[in-house]
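S.K.: Sharing a structure with you now.
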Amino acid sequence: MNEMDKPLPPDELGRRLTEVYDLVGPLYRRAQRSVEQGLAPDDGLSLGVRAVLTLLHRNGPMTVPQMGRAQAISRQFVQRMVNDAAAQGLVESIPNPAHRRSSLIRPTREGSAAIAAVLEREHLLLREVGGDLTDTDVTACLRVLGELLKALDHIDLS
11 MNEMDKPLPP DELGRRLTEV YDLVGPLYRR AQRSVEQGLA PDDGLSLGVR
61 AVLTLLHRNG PMTVPQMGRA QAISRQFVQR MVNDAAAQGL VESIPNPAHR
111 RSSLIRPTRE GSAAIAAVLE REHLLLREVG GDLTDTDVTA CLRVLGELLK
161 ALDHIDLS
């Protein structure tokens, strides 16, 4: 095992992960602006509604609390976004066999079509990322970000 493959001591790990956090904030804000600019004016999708539709597209029907946990945002905020999406005819509530009081939310045909179009536009933009990134690079990035997220699981989102 070479030096680069050995686990970092805690102090060094802390310093290196600070570098990751320093990049994540600006990356998130620029990506958010890019998505806002990429949403066609006639889409009528806010970033919040888009996030709800993306979650449902990737995971299937979910409850509002499940969506809040998945996105690390409050249930109340998710509920507002679900209400906005429902008002636009993009999602609907269906009975939840696992919990009578917490309905499942699923996209309508219109919601599925809207998010498919947005994700396709994003795919076309992201495929232009350079840097000769490999699958190993992306897998390592996902692992690191997943561990950082797990380390903050204790943070209350309400």
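Residue numbers are given in our numbering: position 124 of the sequence shown equals residue 134, and the series is strictly consecutive.
We put the CB at the ideal spot given by N, CA and C, even for glycine.
1) Where does residue 24 land, buried or exposed, given buried means 16+ other C-beta within 10 angstroms?
2) Given 8 Å as the limit, is there contact between the segment 55 to 71 and the segment 111 to 118, that is, 3 or more CB pairs closer than that?
3) Residue 78 and residue 92 - do their beta-carbons sit closer together than 7 Å?
4) Using CA coordinates, which residue listed in 31, 16 and 12 is at the minimum distance from residue 151?
5) So, with DSSP's three-state summary, where would you put residue 10?
6) Give the single residue among 124, 22, 40 and 80 whose Cα lies nearest to the Cα of residue 160.
7) I'd like to confirm the pairing. Which residues does DSSP put opposite residue 101 in its beta bridges?
8) DSSP puts residue 72 in a beta bridge; with which residues?
9) Helix or strand or just coil, what does DSSP make of residue 55?
M.R.: Checking against the coordinates, here is how it stands:
1) Taking the sequence shown and counting its residues from 1, one reaches residue 24 at position 14. Exposed: under 16 other Cβ atoms inside 10 Å.
2) yes
3) As a first step, residue 92 is located in the sequence shown; it is residue number 82 there, counting from the start. As a first step, residue 78 is located in the sequence shown; it is residue number 68 there, counting from the start. For residue 92 and residue 78, no; Cβs fall outside 7 Å.
4) Here residue 151 is taken as the residue at index 141 of the sequence shown, counted from 1. Of 31, 16 and 12, the residue nearest in Cα terms is 31.
5) With the chain covering 11 to 168 only, the question about residue 10 has no answer from this structure.
6) Here residue 160 refers to the residue found at position 150 when the sequence shown is read from its first residue. Residue 160 has its Cα closest to that of 80, out of 124, 22, 40 and 80.
7) Indexing the sequence shown from 1 puts residue 101 at position 91. In the DSSP output, where bridge partners are listed per residue, residue 101 has 117.
8) Within the sequence shown, the letter at position 62 stands for residue 72. In the DSSP output, where bridge partners are listed per residue, residue 72 has 115.
9) In the sequence shown, residue 55 corresponds to position 45, counting from 1. In this structure, residue 55 counts as coil in the three-state DSSP scheme.
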